[in-house]
Amino acid sequence: MCGIVGYLGKQKAVPILLTSLQRESYRGYDSAGLVVFESGQTVCLKAVGKLEKLEHKINGHQRLTGGLGLGHVRWATHGGVSEANAHPHTDCRENIWLVHNGIIENYAELKEILKKEGHIFRSETDTEVLSHLIEKFFQGNLEEAVRKALRLVRGAYALAIVSREDPDKIVLARLSSPLLIGISDRGEYLVASDANALIPHAKKVVNMDDNEIAVLTRHDLLVLKEKQPENLELEAEDAQKKGYPHFMLKEIMEQSDTVENAIRGRLLVNHGAAQLGGLESVKEKLREIEMINIVACGTAFHAGMVGEYMLEEYAGIPTNVDLASEFRYRKPILDGKAAILAISQSGETADTLAALKEAKRKGALSLGIVNVVGSSLSRETAAGVYNRAGAEIGVASTKAFTSQLTILALLTLYLGRQRDLSVVMGQRVTKELKLLPDLVKRVLTLDSQIKKLVEKYKDYDDFLYIGRKYNYPIALEGALKLKEISYVHAEGYGAGEMKHGTLALIDENFPTMVIAPTDSVYEKTVSNIEEIKARKGPIIAIATEGNEAIKNLVQDVIYVPKTLEMLTPVLSVIPLQLFAYHMGVVRGCDVDKPRNLAKSVTVE
Ligand code: G6P
Numbered sequence: 000m001c002g003i004v005g006y007l008g009k010q011k012a013v014p015i016l017l018t019s020l021q022r023e024s025y026r027g028y029d030s031a032g033l034v035v036f037e038s039g040q041t042v043c044l045k046a047v048g049k050l051e052k053l054e055h056k057i058n059g060h061q062r063l064t065g066g067l068g069l070g071h072v073r074w075a076t077h078g079g080v081s082e083a084n085a086h087p088h089t090d091c092r093e094n095i096w097l098v099h100n101g102i103i104e105n106y107a108e109l110k111e112i113l114k115k116e117g118h119i120f121r122s123e124t125d126t127e128v129l130s131h132l133i134e135k136f137f138q139g140n141l142e143e144a145v146r147k148a149l150r151l152v153r154g155a156y157a158l159a160i161v162s163r164e165d166p167d168k169i170v171l172a173r174l175s176s177p178l179l180i181g182i183s184d185r186g187e188y189l190v191a192s193d194a195n196a197l198i199p200h201a202k203k204v205v206n207m208d209d210n211e212i213a214v215l216t217r218h219d220l221l222v223l224k225e226k227q228p229e230n231l232e233l234e235a236e237d238a239q240k241k242g243y244p245h246f247m248l249k250e251i252m253e254q255s256d257t258v259e260n261a262i263r264g265r266l267l268v269n270h271g272a273a274q275l276g277g278l279e280s281v282k283e284k285l286r287e288i289e290m291i292n293i294v295a296c297g298t299a300f301h302a303g304m305v306g307e308y309m310l311e312e313y314a315g316i317p318t319n320v321d322l323a324s325e326f327r328y329r330k331p332i333l334d335g336k337a338a339i340l341a342i343s344q345s346g347e348t349a350d351t352l353a354a355l356k357e358a359k360r361k362g363a364l365s366l367g368i369v370n371v372v373g374s375s376l377s378r379e380t381a382a383g384v385y386n387r388a389g390a391e392i393g394v395a396s397t398k399a400f401t402s403q404l405t406i407l408a409l410l411t412l413y414l415g416r417q418r419d420l421s422v423v424m425g426q427r428v429t430k431e432l433k434l435l436p437d438l439v440k441r442v443l444t445l446d447s448q449i450k451k452l453v454e455k456y457k458d459y460d461d462f463l464y465i466g467r468k469y470n471y472p473i474a475l476e477g478a479l480k481l482k483e484i485s486y487v488h489a490e491g492y493g494a495g496e497m498k499h500g501t502l503a504l505i506d507e508n509f510p511t512m513v514i515a516p517t518d519s520v521y522e523k524t525v526s527n528i529e530e531i532k533a534r535k536g537p538i539i540a541i542a543t544e545g546n547e548a549i550k551n552l553v554q555d556v557i558y559v560p561k562t563l564e565m566l567t568p569v570l571s572v573i574p575l576q577l578f579a580y581h582m583g584v585v586r587g588c589d590v591d592k593p594r595n596l597a598k599s600v601t602v603e
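Residue numbers (numbering that gives the first Met the number 0): 0 to 603.
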C-alpha cells in the first residue's frame with residue numbers, strides 16, 4: 000500500500016513527480032506529499048485528501064524548479080490521516096528525507112530507543128523511525144547510513160531517501176514491497192512502486208530485488224548487485240480512461256478483449272488441450288503433483304474458489320483454496336507432491352507472497368497466475384501463467400478476475416490432459432473457451448438494462464447474493480463488489496446454506512441476487528428462490544437465455560448466454576460488476592477509489 004515516486008534529472012522534478020503520483024494514486028489516496036531540493040534547500044509540501052489537494056498547494060507556492068525530488072501517496076496504517084503523518088518524513092535536523100511503502104514491524108521498540116537518545120518525533124507513523132535511525136548512523140554518506148539502519152529494521156519496505164548533506168543522490172532500498180527504477184533516453188532516473196508510473200518518461204527499467212540497496216546519482220546507477228536494465232514494456236494508453244467516465248467501467252468493458260488475450264495462442268482445439276509456455280519448465284513435475292493449494296486475497300481468492308471446482312471436476316486433482324492471510328499462519332501439510340498456486344493481479348500482495356514463500360519452504364512446487372509482468376510473485380514462483388489483461392487501475396478488480404477464471408480453465412485443461420481428461424471432453428472445453436470472448440461481448444451489452452435496474456434498487460440498504468457450485472464464489476464476488484464500490488451492505492452466501500441462518504434477514508426490504516444459470520444445480524437453486532419468495536424478499540435472478548419460466552418466480556431477470564457449466568462464472572459475474580458500478584455512481588461514490596481501500600495491499 001502507498002505509492003512512492005522519485006526523480007533525478009535536468010528537468011523540473013515537480014511536474015514529473017505529480018504525473019507519476021497520479022498514476023499511482025490508486026495505491027493510496029488519503030494524503031500526499033513531496034520534497035524537492037531547491038538551490039541547496041529542501042521544500043516539503045503535504046496535503047490531506049486526494050492528490051488534487053497537494054497540486055493546489057503547489058500552485059499556490061513559489062516556483063519550484065529543482066531537479067531532484069521524492070513524492071508519496073499514502074494509505075494510512077500507523078497513525079491517522081493528517082499532514083503530520085503524511086510522507087515525506089524527516090529527522091531532527093531536516094537532513095534526511097524519505098518516503099516509504101510497507102510496515103516497520105519493530106517501530107515501537109526502535110522509537111523508544113531513539114526517543115531516549117533524544118530524537119524528537121513529529122508523527123505517529125512507523126515510517127518516521129527510519130529517518131531518525133538513518134540520522135543516527137549518518138556521517139556524510141547516505142547509503143552507508145541506510146545500510147546500517149536497515150540492519151536493525153524488521154518488516155517490509157520500499158524506500159527512497161535523500162539527504163541535504165549528501166546531495167544529488169537518491170538511495171533506494173527494498174524488502175517485500177515493489178520498487179522500480181526507470182531510466183529515460185536522456186539519462187534521467189525515475190523511481191516508482193509501479194511500472195505504470197514510469198511512463199511516459201522512462202524507456203528502461205530496473206526491478207529491484209529484496210535486500211537490494213541502490214544509489215542514483217547524476218551520472219550513475221549503482222545497484223548493489225549487478226543488474227542489466229530491461230526494456231519497459233507498457234503501453235501509455237493502458238493507464239488512460241479512453242473516454243470512459245471511470246477506469247472501472249473501462250476495465251469492465253475490456254473483458255471481451257482480456258478474455259481473448261488470456262486464451263490467445265494457448266488453445267489446442269483439436270487435441271482438446273492447452274499449451275502454457277510458462278509451465279513448460281515444470282511440465283514433468285506437474286504430472287507428479289497430487290494436490291494443489293491455491294492461495295489468494297480478495298477477488299483473486301474468489302477466482303481461486305472457482306478454480307477448486309474446475310480442477311477437481313476436470314483434472315481430478317484434490318485442491319484446497321485458502322485466504323493467503325490464513326494459510327500463512329496455519330500449519331499446512333505439504334510435501335514434494337504438492338503445488339502452491341498463488342493468484343494475484345498485482346503480484347505484490349503481501350499475504351499472498353508470504354503464503355507462497357511458506358509453502359516453498361515446505362517443498363511445494365510454486366506456481367502463479369499473475370497479471371503484472373516482472374512483479375514480486377512472478378519472480379518468486381518456479382513457473383506460471385501471465386494474464387495479459389493490461390494495467391488494471393480501478394481499485395476493485397474486474398477484468399483481472401474474468402481473466403483469472405479463464406486461465407484457471409486453461410490450467411485445468413493442461414493438468415487434466417496430463418491425467419484422465421479424455422480428448423473428447425477436452426475438446427468440449429476448448430470449443431467453449433474459444434466462444435467465450437464473443438459471449439462476454441454479448442453480456443456487456445446488458446449495461447443499459449442494468450443501469451435501469453439500479454434505478455429501481457438504488458435505495459435498498461442490504462442485499463443478499465446467493466449461488467451454488469461454480470457460482471457460489473460468484474455470489475461472494477458480487478457481494479464484495481457491491482460493498483466496496485457502493486458501500487451498500489451485502490452478504491454473499493451459498494444458496495444451500497442460506498436456510499441455516501441468513502434466511503432470517505429476508506423480508507420485503509432485503510432483496511436477493513440469485514445466480515441461477517441452467518446448470519447441474521439449477522433445480523436446487525430454484526428451491527432456494529421459492530424459500531425467499533415465501534418470505535416476500537424481492538429477487539433479481541441471473542439466468543441462462545431461454546429460461547422463460549424463471550420470470551414467474553422472481554421480480555427481475557438478467558439473461559446471460561449459455562456456456563459450459565464451468566465457464567458460467569465468467570459470464571454471470573459481469574452483470575454483478577455492472578450492478579455494483581452503477582450503484583456506486585448513482586449513490587455518489589468514488590468508484591475508482593473507494594474509501595479506506597487501495598489497489599495493491601503490500602502490507603499484512
Ligand atoms: C485489494 C484490491 C482487490 C484485490 C485484492 C488482491 O484488496 O482492492 O480488488 O482483489 O487486493 O489483490 P491482488 O493484486 O493480489 O489480486
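Built from N, CA and C at the ideal position, the CB exists for glycine as well. Remember, predicted model here, so these are calculated numbers, not experimental data.
Notebook entry, point to check: Taking the alpha-carbon positions, what's the residue 300 to residue 199 distance?
Noted result: Mapped onto the sequence shown, residue 300 falls at position 301. Mapped onto the sequence shown, residue 199 falls at position 200. Within the model, the alpha-carbon separation for residue 300 versus residue 199 is close to 33 Å.
Check: Whose C-beta lies closer than 7 Å to the C-beta of residue 394 among residues of the same chain, with five residues either side of it excluded?
Finding: The residue labelled residue 394 in the question sits at position 395 within the sequence shown. Here residue 394 has 25, 591, 592, 593, 596, 597, 598 as same chain residues with Cβ atoms under 7 Å from its own Cβ, once five neighbours each way along the sequence are excluded.
Next item on the list: Could you tell me if the beta carbon of residue 598 falls within a distance shorter than 7 Å of some heavy atom in the ligand G6P?
Entry: Position 599 of the sequence shown holds residue 598. Taking the Cβ of residue 598 as the reference point, at least one heavy atom of the ligand G6P falls within a distance shorter than 7 Å.
Next item on the list: Could you give the DSSP three-state label for residue 652: helix, strand or coil?
Entry: Outside the displayed range of the chain (0 to 603) lies residue 652, so it cannot be described from this structure.
Next item on the list: Figure out for me which residue from 472, 243, 506 has the closest Cα to the Cα of residue 624.
Entry: Residue 624 falls outside the range modelled here, since the chain spans only 0 to 603, and no answer is possible.
Next item on the list: Compute the Euclidean distance between the alpha carbons of residue 205 and residue 405, then round it to the nearest angstrom.
Entry: For this step, residue 205 is matched to residue 206 along the sequence shown. For this step, residue 405 is matched to residue 406 along the sequence shown. Roughly 31 Å separates the two Cα atoms.
Next item on the list: May I have the straight-line CA-CA distance separating residue 281 from residue 479, to the nearest angstrom?
Entry: Along the sequence shown, read from residue 1 onward, the residue named residue 281 stands at position 282. Along the sequence shown, read from residue 1 onward, the residue named residue 479 stands at position 480. The alpha-carbon atoms of residue 281 and residue 479 are separated by roughly 35 Å.
Notebook entry, point to check: Under 7 Å from any heavy atom of the ligand G6P, does the C-beta of residue 296 make it?
Noted result: Numbered from 1 along the sequence shown, position 297 holds the residue referred to as residue 296. Indeed, a heavy atom of the ligand G6P lies less than 7 Å from the Cβ.
Next item on the list: Enumerate in chain order the residues of its own chain whose CB-to-CB distance from residue 90 is below 6 Å, with the five nearest sequence positions on each side excluded.
Entry: Here the question's residue 90 lines up with position 91 in the sequence shown. Within the same chain, and ignoring the five residues on either side of residue 90 in sequence, the residues whose Cβ sits closer than 6 Å to its Cβ are 130, 131, 134.
Notebook entry, point to check: Are there 16 or more other CB atoms within 10 angstroms of the CB of residue 328, so buried, or fewer, so exposed?
Noted result: Within the sequence shown, residue 328 is the residue found at index 329, counting from 1. Classification of residue 328: exposed, given that the 10 Å Cβ count is below 16.
Notebook entry, point to check: Taking DSSP as the reference, what is the three-state secondary structure of residue 269?
Noted result: Here residue 269 corresponds to residue number 270 of the sequence shown, with the count starting at 1. Correct three-state label for residue 269: coil.
Notebook entry, point to check: If you run the structure through DSSP and keep just helix, strand and coil, what is residue 170?
Noted result: Taking the sequence shown and counting its residues from 1, one reaches residue 170 at position 171. Here residue 170 sits in strand by DSSP.
Next item on the list: Check whether the Cβ atoms of residue 365 and residue 189 lie closer than 8 Å to each other.
Entry: Counted from its first residue, the sequence shown places residue 365 at position 366. Counted from its first residue, the sequence shown places residue 189 at position 190. No; because the gap between Cβ atoms is not below 8 Å, this pair is not in contact.
Margin query: Quick check: the Cα distance between residue 352 and residue 534, rounded to an integer number of angstroms?
Written below: In the sequence shown, the residue the question calls residue 352 occupies position 353. In the sequence shown, the residue the question calls residue 534 occupies position 535. C-alpha separation (whole angstroms): 45 Å.
Notebook entry, point to check: What residues match up with residue 556 in a beta bridge as DSSP calls it?
Noted result: As a working note, residue 556 is residue 557 in the sequence shown. Answer is 540.
Next item on the list: Mark residue 551 as exposed unless 16 or more other C-beta atoms lie within 10 angstroms of its C-beta, in which case mark it buried.
Entry: The residue you call residue 551 lines up with position 552 of the sequence shown. Under this definition residue 551 is an exposed residue.
Check: First and last residue of the beta strand (DSSP E) that includes residue 402?
Finding: In the sequence shown, residue 402 corresponds to position 403, counting from 1. Counting along the chain, no beta strand (DSSP E) covers residue 402; the unbroken alpha helix (DSSP H) around it starts and ends at 398–417.
Check: How long is the line joining the alpha carbons of residue 345 and residue 548, rounded to whole angstroms?
Finding: Stepping through the sequence shown from its first residue, residue 345 is reached at position 346. Stepping through the sequence shown from its first residue, residue 548 is reached at position 549. One C-alpha to the other measures close to 42 Å.
Item checked: Assigned secondary structure, residue 394 (DSSP; H/G/I helix, E/B strand, else coil) -> Here residue 394 refers to the residue found at position 395 of the sequence shown. In the three-state reduction of the DSSP assignment, residue 394 falls in the coil class, being assigned neither a helical nor a strand state.
Check: Can you list, in chain order, the residues of its chain whose CB lies under 7 Å from that of residue 314, leaving out five sequence neighbours each side?
Finding: Residue mapping note: residue 314 aligns to position 315 of the sequence shown, counting from 1. Within the same chain, and ignoring the five residues on either side of residue 314 in sequence, the residues whose Cβ sits closer than 7 Å to its Cβ are 411, 414, 415, 418, 420.
Margin query: Between residue 345 and the ligand G6P, is there a pair consisting of the residue's CB and a ligand heavy atom that are separated by less than 7 Å?
Written below: Within the sequence shown, the letter at position 346 stands for residue 345. Under cutoff, so the answer is yes.
Margin query: Measuring only the C-alpha atoms, how far is residue 98 from residue 342?
Written below: Here the question's residue 98 lines up with position 99 in the sequence shown. Here the question's residue 342 lines up with position 343 in the sequence shown. Residue 342 has its alpha-carbon roughly 29 Å from the corresponding atom of residue 98.
Note to self: The alpha helix (DSSP H) that contains residue 58, what's its start and end?
What the structure shows: Translated into positions along the sequence shown, residue 58 becomes position 59. If you look at residue 58, you'll find it in the alpha helix (DSSP H) that goes 50–58.
Item checked: Local conformation of residue 339 per DSSP, three classes -> Residue mapping note: residue 339 aligns to position 340 of the sequence shown, counting from 1. Residue 339 falls in the strand class under three-state DSSP.
Margin query: By the DSSP assignment, the beta strand (DSSP E) with residue 31 in it spans what residues?
Written below: By one-based count along the sequence shown, residue 31 stands at place 32. Its beta strand (DSSP E) spans residues 30–37.
Next item on the list: Could you tell me whether any Cβ in chain D is nearer than 8 Å to the Cβ of residue 346?
Entry: This model lacks chain D altogether, as it is built from one protein chain only.
Check: Relative to the ligand G6P, is the shortest distance from any of its heavy atoms to the C-beta of residue 590 smaller than 7 Å?
Finding: Within the sequence shown, the letter at position 591 stands for residue 590. Not so, every heavy atom of the ligand G6P lies at least 7 Å from the Cβ.
Margin query: So for residue 73, helix, strand or coil by DSSP?
Written below: Locating residue 73 in the sequence shown gives position 74, where the first residue counts as 1. Residue 73 falls in the strand class under three-state DSSP.
Note to self: If I follow the unbroken beta strand (DSSP E) through residue 377, where does it start and stop?
What the structure shows: Within the sequence shown, the letter at position 378 stands for residue 377. No beta strand (DSSP E) holds residue 377; the alpha helix (DSSP H) holding it covers 375–379.
Checklist line | Residues near residue 544 in its chain [Cβ-Cβ closer than 8 Å; skip 5 each side] | finding: Walking along the sequence shown from the start, residue 544 turns up at place 545. Excluding positions up to five away in sequence, the list reads 558, 559, 560, 561.
Item checked: Where the beta strand (DSSP E) through residue 162 begins and ends -> Your numbering for residue 162 matches position 163 in the sequence shown. Per DSSP, residue 162 belongs to the beta strand (DSSP E) from 154–162.
Notebook entry, point to check: Which residue comes first and which comes last in the alpha helix (DSSP H) that contains residue 261?
Noted result: One-based indexing of the sequence shown puts residue 261 at position 262. Unbroken alpha helix (DSSP H) run through residue 261: 254–262.
Next item on the list: Please go through the same chain and pick out, in chain order, the residues whose beta-carbon is closer than 7 Å to the beta-carbon of residue 21, but skip the five residues on each side of it.
Entry: Residue numbering aside, residue 21 sits at position 22 when the sequence shown is read from its first letter. Within the same chain, and ignoring the five residues on either side of residue 21 in sequence, the residues whose Cβ sits closer than 7 Å to its Cβ are 50.
Item checked: Beta-carbon separation (whole angstroms), residue 54 vs residue 16, contact threshold 8 Å -> Taking the first residue of the sequence shown as 1, we reach residue 54 at position 55. Taking the first residue of the sequence shown as 1, we reach residue 16 at position 17. Rounded, the Cβ-Cβ distance is 11 Å, inconsistent with contact.
Checklist line | Residue interval of the beta strand (DSSP E) (run including residue 365) | finding: Taking the sequence shown and counting its residues from 1, the one referred to as residue 365 is at position 366. Counting along the chain, the beta strand (DSSP E) containing residue 365 begins and ends at 364–369.
Next item on the list: Spatial neighbours of residue 86 within its chain, please: CB distance less than 7 Å, with the 5 preceding and 5 following residues excluded, ordered by chain position.
Entry: Position 87 of the sequence shown, counting from 1, holds the residue named residue 86. Within the same chain, residue 86 has close Cβ partners 32, 71, 73, 98, 99, 126.
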